[in-house]
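In order, the protein sequences belong to chains R and L.
First residue of the first sequence? That's 1 in my numbering, and the numbers climb one at a time after it.
First residue of the second sequence? That's 1001 in my numbering, and the numbers climb one at a time after it.
For reference, the structure is listed below as structure tokens.
Protein chains: 2
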Amino acid sequence: MIFINIIYVRLHFEDSCLNPKVILRPMFTAISMAEKEKDLIPLFEPDSIAIVGASSKKGKVGNILLSNIVNSGYDGVVYPINPKGGEIYGKEVYGSIEELPDGIDLGIVVIPAKYVREAVHKLGEKGIKHTIVITSGFSEIGNTDEENLIVEEAGKHGMRILGPNVFGIYSAKAELNATFGPSDVSKGEIALISQSGALGIAMIGKTAMQYLGLSAIVSVGNKADIDDMDLIDYFADDDESKVIMIYMEGLENGREFIDKVESEIPPEKAIIVIKAGRSEKGATAVASHTGSLAGSDRVFSSAFKQAGILRADTINEAFNWSRAFSSTPLPENDKVVVITNGGGIGVLSADAAEKYGVDLLDDQTFLKETFEETIPPFGSTKNPIDITGQAGKEEYEKALRKAFESDEIGAVVGLYCETGTTDDGEVANAVKEIHDDFGNEKTAVYAFTGGEEVNDCIQWLRKNNISAYTETDDAMSSLGALYRRKRYLDRKEEMEDIDAPDMDIESINEIINRAVSQGRVNLLEDEARKILDLAGIPMAEGRVVNTLEDAVKAAEEIGYPVVLKVVSEDIMHKSDAGGLALDLENEKEVVDAYQAIYSNCKSKYPNAHIRGISVAEMLKGGEETIVGGTWDNSFGPMVMFGLGGVYVEILEDVVFRVAPISKREARRMIGEINAFPVLVGARGQSRKDLDALADIIYRMSFLMDEVDDISEIDLNPIKAFDQGKGAKSVDVAISIKRKVI
Amino acid sequence: MIFINIIYVRLHFEDSCLNPKVILRPMFTAISMAEKEKDLIPLFEPDSIAIVGASSKKGKVGNILLSNIVNSGYDGVVYPINPKGGEIYGKEVYGSIEELPDGIDLGIVVIPAKYVREAVHKLGEKGIKHTIVITSGFSEIGNTDEENLIVEEAGKHGMRILGPNVFGIYSAKAELNATFGPSDVSKGEIALISQSGALGIAMIGKTAMQYLGLSAIVSVGNKADIDDMDLIDYFADDDESKVIMIYMEGLENGREFIDKVESEIPPEKAIIVIKAGRSEKGATAVASHTGSLAGSDRVFSSAFKQAGILRADTINEAFNWSRAFSSTPLPENDKVVVITNGGGIGVLSADAAEKYGVDLLDDQTFLKETFEETIPPFGSTKNPIDITGQAGKEEYEKALRKAFESDEIGAVVGLYCETGTTDDGEVANAVKEIHDDFGNEKTAVYAFTGGEEVNDCIQWLRKNNISAYTETDDAMSSLGALYRRKRYLDRKEEMEDIDAPDMDIESINEIINRAVSQGRVNLLEDEARKILDLAGIPMAEGRVVNTLEDAVKAAEEIGYPVVLKVVSEDIMHKSDAGGLALDLENEKEVVDAYQAIYSNCKSKYPNAHIRGISVAEMLKGGEETIVGGTWDNSFGPMVMFGLGGVYVEILEDVVFRVAPISKREARRMIGEINAFPVLVGARGQSRKDLDALADIIYRMSFLMDEVDDISEIDLNPIKAFDQGKGAKSVDVAISIKRKVI
């Protein structure tokens, strides 16, 4: 099945500029979906490679690339192509693509941009299904049309394109370094995906220097075809990749990304993302709170957290965490023991433990029983366990052995401080021996503090696949990351399938379609009320009336006291306009208020279209909270919770989730705000009905998820009453997406 | 003048245990104050050294120490002392201290603990005024008496003691490595003081490995005599120390420390402290908010900040900042330009800039004019300025030159990312040449990202005293530290002398003395009211009455509405006891309330001593704030500010200062709380009277500072009214220090 797909997509961020350029470009892609190759194995494990633009001239990309391939130990067949022919690095050069044999797995193109499309065509004719276009000069400099044409050309042959504008790939499995970066790569279990070419190359060198072993490196560049999603598919199945580390600037389809991560990444693997661009100020101004906050970087953090993705702030942090995930298992339990030869680093490690959410075991009786025999006089069995500056190989080995043997201990942090008298290497040996004896069964991280010799020990431990760090803080931060992953997996396991609540989606859509057909983007109060009702979200009783008589009748039906409010999309600040009257206790007050509201609004906003007056139940007491729903450009429907007023607007004390979520998850959200104690009876107040609040959040998340056209819902405030007394929204505002018809 | 001093002091934290042990120990010190040597120059720059316990046996501390001294290039005279005699490392060994000549500057003792006192006596007899006691086994293991006796012995000879339980000192000026740590030390301008011996030794090696140049290292150990304060005195005057870096666990006399730092450390020097023990839970439970929060680690942070001390979280951070302070000047202005060859690291640097409070210059016209000529096609003059992956030596040199030449630019961040094609060394050369051309006049930090060769470039730049880092984040964090120091100095410069407010301290003390004499620790309401009045702090009008008649009379004088409240130190929760009545509008309500309060309290607390009923002005409206005063064990009088209720109790949104402070500083405190927008008209509210609030804080700070016996004052809430309408405290509680008589 062939079809023409005309869509607008957001261009990913250019590597060479700080802020993402959001360019809307038409993408004409004639792709044969059925024939499109899904399998990326030939990209990472090719039996043969054709290099279009291989060069004999040192320093040229086409030369470095070939040199790296030849020197990396790759044992497949390599076909350099260059019209000049001859031989480069012992490989016979082909004069043209046409001369190649059939059945080659991978093409790599390093010729000027204007010749790339023709080369792709010819490689396609030769039946090649995967091509890396290293060449730059396409969409990253505005040359988007040509890039699209290349992908279109590839599509004709069912060929997948990596790039353009990439530095290539490295694959440990194939012993293939097909990059023009450094030739030495340290082999291991971390798959590295970089959206930035320069940074990717720099990271190759950096990982090698730190003995951080890589299973693969891939530069995604302009992502004209193969993107993060495809790569996640591959690495999820790749046995040799235990950690997937991504340097990411933009993410068009965040929803798809996190869905894939959640469903494809097995528990024994970890995914660590450096998402750059935190400081970018949202470009779009959105009217209500939810939107304005959701547009921020917090949405990324929330969504990543929800999918068990660990977000690192710096490259260093990502490296540190990756090391731990690739060389030590997840902890079996929460209790951590620190073994140290120095009190100072012990104190620093305890500080770091608190900072990174690591729990130090503090059962003093157990600690004493376990470690008493192993520590010298003046040592301490308190945790951190101080085996003193006199400790050498024997003392470390004894103490570590005790810790490794105990099932009560979930993880071990081994700290060593150069003393001037101890043999550093012997201590490293003790660590290695323990790891040899126990296999890779106990979670353990180490930090060795000191000079050159200590550094050599760290490197040696790293070469032996032990998580050793130069900083106590780094070791503890990495252990914290392991625990975050463990806690995510525990939560995921216990998570029930999410049951959708009973909601009349069809009727809700009817209301929205009516508004759309009238060209409105904000629903009227009665429409919004009706939708909440259909969604099962409780709200203060109320109705919109158009006569004084109806107002009194409504008030009497609802029961005093009531609130009267003008209904008009032209009057934004209803209170300032005199369009609001609270706490009306009888007929007379309703009559006076009704007339006052009309005359105030008429005189202040003579041209406003007044649709009526809303008469509503006056809710007294309760704690003010806010639940919002918003449509994020990258992650789609989101739900937000916070306390009302200052908490949301000034302190930004809110939490987000990608919708939909279970009621249990909604309950968890409530617990995550800083001001949570307010809801459970802090300061002598009563405990609020958290269940009722969770139900509203849960329903809101499904409303956002199931009704496509809603862009935003703001329930502000929702009064949360005492436990068992429920929660009710006082006000509601619903916006719908602007349609370009 | 000789006198016997019997005082209780808190023992500093032991190196070998996590939590500080607070041991009260009697310290009998007979010291001749007049003769006590103040000058530490002979300690750091001795012409001659006697080593008691020098050893020929490899691996022994007395051997390593002598070896380090001999090999460090020290050109003074060295006298090893060992009863065995002979020669060690070419130095003639003396059989006893008695055999030494007179006039030796420095003694170092490395013999068993039990012989130390006698050695100190003999060294004193020889006229030695400075002795380092390396030997351990004193107060750190409970042997406090002997330690005190050693200090006493030293005092008899006017001798100062460093230690015991230290690893020695290193002094670049004297080319002296008198430690038993690593022999190689990198020479430079950072003075390192460590309270932890093990960590200190480890840091020597670590600094050497990173080419972080040291002017001195000193281990303070048990601080039996010489402490941080003495060392600050020395380093403040030492021309070769530009940065003072301290690893600190405990600080007994925080007040004295920050006063000294503020008055002695000249603007061109920086002081960086790693204060460990953040996670330590305060041991003392204090009744009211101020106390409970002030006991925390936040007090340290506040006090350090106030004195311009930079608090680092980790050793790495302290090293990074120290590097910047020792090799680049403080920025002239706030505007920073980033020059990069990679978009990825550019984005990361912009994120880091925001995180660390660094402002990127964003005048696009200026940037274009300045850099347009120097950047290649597809580069960007936006800041970060992207000179693209093609950039080599020439491009870096051009762009850096433009940035260094411009007075509009306060600081430059140079980033380089390994590209696979650029010569890393050439880029490092470009940086060096620019620094050679411009001298050390422009603030500049660099981060080079990549592998082994890039690392060599970083090390080479460091050797050339250029602030080069391995991480973009580290470079920006260090620049942020420079800016924090600059901003502190700017503030300090503009700071007026603090005028004390007009307060009747004598009368205040009289009130307190009366309470003390009656054995009370909490002042009665009328006493506390009177003190506020004498201090010029406005409070809701009120008085304590004992008859119904007086209550009515008081209410009429004050003016309705009023508040009635029981006055009794035995009834803590007055509201729960029915001891509080609000908003009383006339005589009848006052009469009813008066009687109700009496009967409620009598029936609920039959044994409570009721001192009367307070009749007070009912304050309506206004924003609730809290001002507190507290006495911190380390820093003395502190003042605290926050919004009321949840903000203080749950969100801990409060700020502290060491008292006293100027009104201007009080105003700055107000601006530092997260909820500050609430006070200046956020959410459609009116702006509150910040001046009146600042005046209360300012007066509170002087009240705490000038009245020695107050342990705590709690003004909660203080109603802050609209601008110009003032602020008044609703309630007051004052506690006085418990006296041990």
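Glycine residues also receive a C-beta, built at the ideal position from the N, C-alpha and C atoms.
Query                                                                                                                                          : Result
Close-in-space but distant-in-sequence residues of the same chain around D1490/L (CB under 6 angstroms, 5 per side omitted)                    : none
Runs of beta strand (DSSP E) wholly within the segment 215 to 250 of chain R (minimum 3 residues, chain order)                                 : 243 to 248
Where E452/R falls: helix, strand or coil (DSSP)                                                                                               : helix
Coil, strand or helix - S735/R by DSSP                                                                                                         : strand
Against chain L: residues of the segment 415 to 437 of chain R by CB proximity under 8 angstroms                                               : C417, E418, T419, G420, T421
Proximity winner among R1664/L, D1709/L, E1706/L, relative to L1690/L (alpha-carbon distances)                                                 : R1664/L
Environment of L582/R [buried if 16+ CB atoms lie within 10 Å]                                                                                 : exposed
Chain-ordered neighbours of L715/R on chain L, where CB pairs are closer than 7 angstroms                                                      : Going along chain L, no residue has its Cβ under 7 angstroms from L715/R, so there is no contact; the nearest lies around 18 angstroms.
Members of the segment 684 to 714 of chain R near chain L, C-beta cut-off 9 angstroms                                                          : G684
6 angstroms CB neighbourhood of A444/R in its chain, flanking five on each side removed                                                        : T328, V412
Chain-ordered chain L contacts of E249/R [CB-CB under 9 angstroms]                                                                             : G1343, G1344, V1347
Test: G1213/L CB closer than 9 angstroms to a CB of chain R                                                                                    : no
Beta-carbon contacts of N1165/L that lie in its chain and below 7 angstroms, excluding the five residues immediately before and after          : S1136, F1138, E1140, G1197, G1221, N1222
Spatially closest choice to D632/R from A694/R, D705/R, E624/R, by CA coordinates                                                              : D705/R
Against chain R: residues of the segment 1450 to 1478 of chain L by CB proximity under 9 angstroms                                             : G1450, G1451, E1452, E1453, V1454, N1455, T1470, E1471, T1472, D1473, D1474
Buried or exposed (CB count within 10 angstroms, at least 16 for buried), F28/R                                                                : Note on F28/R: pLDDT 37, under 50, position unreliable in the model; the coordinate value appears next. Answer is exposed; the Cβ neighbour count stays below 16.
With 16 other Cβ atoms within 10 Å as the buried cut-off, status of E557/R                                                                     : exposed
CB contact below 9 angstroms: F378/R versus chain L                                                                                            : yes
Reference R611/R; option with closest CA among S326/R, G379/R, I597/R, K156/R                                                                  : I597/R
Host beta strand (DSSP E) of K1432/L (start-end)                                                                                               : Counting along the chain, K1432/L falls outside any beta strand (DSSP E), though it belongs to the alpha helix (DSSP H) covering 1424 to 1438.
Residues that L961/L contacts on chain R, provided the C-beta gap is smaller than 8 angstroms                                                  : Absent from the structure is residue 961/L, since the part of chain L shown begins at 1001 and ends at 1741.
Residue-level contact to chain C via CB, T1179/L, 9 angstroms cutoff                                                                           : No chain C appears in the structure shown, which is made up of the protein chains R and L.
Chain L contacts made by the segment 145 to 166 of chain R, where a contact means CB separation under 9 angstroms                              : none
Spatial neighbours of G153/R in its chain, beta-carbon cut-off 6 angstroms, leaving aside the 5 residues before and after                      : Contrary to the premise, residue 153/R reads as Glu rather than Gly in this sequence. Within the same chain, E153/R has close Cβ partners R117, V120, H121.
CA-to-CA distance, F635/R to R255/R, given in whole angstroms                                                                                  : 4 angstroms
Where P182/R meets chain L, residues with beta-carbon distance less than 9 angstroms                                                           : E1418, G1420, G1450, G1451, E1452, E1453
Neighbourhood of T1360/L by C-beta, 7 angstroms cutoff - its chain only, sequence neighbours within 5 removed                                  : The sequence shown places Leu at residue 1360/L, not Thr. Here the set comprises V1336, V1338, A1350, A1353, N1383.
Sequence-distant residues of its chain with Cβ nearer than 7 angstroms to G1644/L (five each side left out)                                    : E1624, T1625, I1626, N1716, P1717
Within chain R, partners of G1059/L - CB distance below 8 angstroms                                                                            : T421
Nearest-angstrom Cβ-Cβ length linking F1167/L and G1200/L, presumed shorter than 8 angstroms                                                   : 6 angstroms
Buried or exposed by the 16-neighbour rule on C-beta atoms within 10 Å, applied to M539/R                                                      : buried
Residues of the segment 379 to 411 of chain R with Cβ closer than 8 angstroms to any Cβ of chain L, in chain order                             : G379, S380, K382, N383, P384, D386, T388, G389
A276/R at chain L interface by Cβ criterion, 9 angstroms                                                                                       : yes
Stretch-stretch touch, CB-based, cutoff 8 angstroms, three pairs: the segment 1318 to 1327 of chain L with the segment 1259 to 1276 of chain L : yes
7 angstroms Cβ shell around Y1483/L - same chain, five flanking residues per side excluded                                                     : P1331, G1357, V1358
Neighbour flag for D1313/L against chain R, beta carbons, 9 angstroms                                                                          : yes
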